[in-house]
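Engineer: My questions all concern the structure below.
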Amino acid sequence: MKSSYFKIFLSKISEQKWLDSRGAEGLLLDSASDSRYNFTKSEEHTYSYSIEHIGIAPESDAAKEYYESLKDSGIRPVLSSGQWVYFVKEDGAITHTAEKYRKNAKPYLARSLYYLGFALAFAVVCGYQFYAINMLKSIGHTPSAEIIGKIALVKGTGFFDKLLNVLIGIVNFLIGIANRYFKLWKGLLGSSDASAVLAVLLPVTFVLTVLFGKNIYEYFANRKEAKTAAASGSEEECSSGTAETADGTAVTTDAEETAETPLRENEVITEEEDAEQDIQDKTE
Numbered sequence: 000m001k002s003s004y005f006k007i008f009l010s011k012i013s014e015q016k017w018l019d020s021r022g023a024e025g026l027l028l029d030s031a032s033d034s035r036y037n038f039t040k041s042e043e044h045t046y047s048y049s050i051e052h053i054g055i056a057p058e059s060d061a062a063k064e065y066y067e068s069l070k071d072s073g074i075r076p077v078l079s080s081g082q083w084v085y086f087v088k089e090d091g092a093i094t095h096t097a098e099k100y101r102k103n104a105k106p107y108l109a110r111s112l113y114y115l116g117f118a119l120a121f122a123v124v125c126g127y128q129f130y131a132i133n134m135l136k137s138i139g140h141t142p143s144a145e146i147i148g149k150i151a152l153v154k155g156t157g158f159f160d161k162l163l164n165v166l167i168g169i170v171n172f173l174i175g176i177a178n179r180y181f182k183l184w185k186g187l188l189g190s191s192d193a194s195a196v197l198a199v200l201l202p203v204t205f206v207l208t209v210l211f212g213k214n215i216y217e218y219f220a221n222r223k224e225a226k227t228a229a230a231s232g233s234e235e236e237c238s239s240g241t242a243e244t245a246d247g248t249a250v251t252t253d254a255e256e257t258a259e260t261p262l263r264e265n266e267v268i269t270e271e272e273d274a275e276q277d278i279q280d281k282t283e
């Protein structure tokens, strides 16, 4: 049975958790595009998912070698988006390692720095325009009231002339919206050419700042998941009771040595009591 969901995610971590919840219901991901996820329902199996930024083209030979290395674990790719690859495992959980989250964090750091650079550049230009507004006011400069002139309609009566007039009407409608938008900013910042420039620069600066915030948040979220995964891995190693050195020799953990200490002390006490008893027997 097929099923489809429309979902928008701003975080790969949230997307992965949602896919895992669908996989627990026996839904196998078939495809995903334009925020629509298509699944096939299985009554016999459950699935777990992992989203990983592999850092190379998903169709490259290196990527195929990486997929081969995961086969023994029952993990296989189901689809890709750019350098992001969606993996699935049937009837088992995928271990999300700290290294995976560190790799996922790298593209977000690069993007956040990219957006931050442009946001700062636009912010500097915006600051200069505010300075220009004050300067233009001081010299009494007033620009024309109309920002963008409208396009005159065609006077013909033929089919193509009418079609062209419809297109011109649409363009004039958009021009009217733009004029109102710029006049709104002029009402807020004053009637000057600099205020018209700010009407473009400020929204762009805001969008770049939001994109920076989103990506830097994702970077720290993945770093946090990496620390959690690393801590979980350390706890599992400690709970195993033994560890192996580089040459494969088993080493007993502190917990086992502590448990054995009382037994060794009891053995020493018992030997001392036996020795004292032998001396008393010989004396008698």
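Position 19 of the sequence shown, counted from 1, bears residue number 18 in numbering that gives the first Met the number 0, the numbering being contiguous throughout. For glycine and all other residues, C-beta sits at the position ideal for the given N, C-alpha and C. A quick note: this is a predicted structure, and the numbers were derived from the prediction, not measured.
1) So, is residue 179 buried or exposed, given that buried needs 16 or more other C-beta atoms within 10 angstroms?
2) Taking DSSP as the reference, what is the three-state secondary structure of residue 38?
3) Does DSSP put residue 108 in a helix, a strand or coil?
4) Could you pull out every residue in the same chain whose Cβ sits closer than 6 Å to the Cβ of residue 52, ignoring the five residues on either side in sequence?
5) Please say whether residue 86 and residue 49 have beta carbons closer to each other than 7 Å?
6) So which of 207, 2, 231 and 122 has the shortest CA-CA distance to residue 197?
7) Looking at residue 47: is its Cβ nearer than 7 Å to the Cβ of residue 19?
8) Which two residues bound the contiguous alpha helix (DSSP H) that contains residue 169?
9) Rounding to the nearest angstrom, what Cα-Cα distance links residue 220 and residue 11 in this structure?
10) Within 10 angstroms of the Cβ of residue 98, are there 16 or more other Cβ atoms? Answer buried if so, exposed if not.
11) Are the beta-carbon atoms of residue 229 and residue 100 separated by less than 7 Å?
12) Straight-line CA distance for residue 160 to residue 188?
13) Taking Cβ positions, are residue 207 and residue 114 nearer each other than 7 Å?
14) Okay, do the stretch 122 to 134 and the stretch 190 to 204 touch, 3+ Cβ pairs below 8 Å being the bar?
15) Report, in whole angstroms, the separation of the C-beta atoms of residue 211 and residue 62, which I expect to be a contact under 8 Å.
16) Which same chain residues, not among the five before or five after residue 26, have their C-beta less than 8 Å away from its C-beta?
17) Is DSSP giving residue 19 helix, strand or coil here?
18) On the criterion of 16 or more Cβ atoms from any shown chain inside 10 Å, does residue 22 qualify as buried, or is it exposed?
19) Consult DSSP for residue 2 and reduce its assignment to one of helix, strand or coil.
20) Applying the 10 Å Cβ sphere with the 16-neighbour rule, what's the burial state of residue 4?
21) Can you list, in chain order, the residues of its chain with a C-beta nearer than 7 Å to that of residue 95? Leave out the 5 residues immediately preceding and following it.
22) Anyone know if the C-beta pair for residue 153 and residue 163 falls short of 7 Å?
23) Could you check how far apart the C-beta atoms of residue 16 and residue 34 are, in whole angstroms? I think they sit under 8 Å.
24) What span of residues does the beta strand (DSSP E) with residue 154 cover, start to end?
25) Could you tell me which uninterrupted beta strand (DSSP E) segments, each at least 3 residues in length, are contained entirely in the stretch 45 to 69, listed from first to last along the chain?
26) Nearest by alpha-carbon distance to residue 13: which of 222, 217, 79 and 232 is it?
27) Who are the near neighbours of residue 30 in its chain, counting only those whose CB is closer than 7 Å to its CB and skipping five residues on each side?
28) Taking all protein chains shown into account, do 16 or more other C-beta atoms lie within 10 angstroms of the C-beta of residue 248, making it buried, or fewer, making it exposed?
Structural biologist: Taking the coordinates as given:
1) exposed
2) Looking at residue 38 - three-state DSSP - the assignment turns out to be strand.
3) Residue 108: helix per DSSP, three-state reduction.
4) Result list for residue 52: 82, 83, 102, 103 and 106, in chain order.
5) yes
6) 122
7) yes
8) 158 to 188
9) 10 Å
10) By the beta-carbon neighbour count (other beta carbons within 10 angstroms, threshold 16), residue 98 is exposed.
11) no
12) 41 Å
13) yes
14) yes
15) Contact flag wrong, Cβ pair sits at about 30 Å.
16) 2, 38, 39, 40, 41 and 46
17) Residue 19: helix per DSSP, three-state reduction.
18) buried
19) strand
20) exposed
21) So the list reads 49 and 228, once near-sequence residues are dropped.
22) yes
23) With 8 Å as the limit, residue 16 and residue 34 do not qualify as a contact, their Cβ atoms being about 16 Å apart.
24) For residue 154, there is no enclosing beta strand (DSSP E), as DSSP marks it with neither H nor E.
25) 46 to 52
26) 217
27) 37 and 78
28) Note that residue 248 scores a pLDDT of 38, beneath 50, so its modelled location is shaky; the value from the coordinates is reported in the next line. Per the 10 Å Cβ criterion, exposed.
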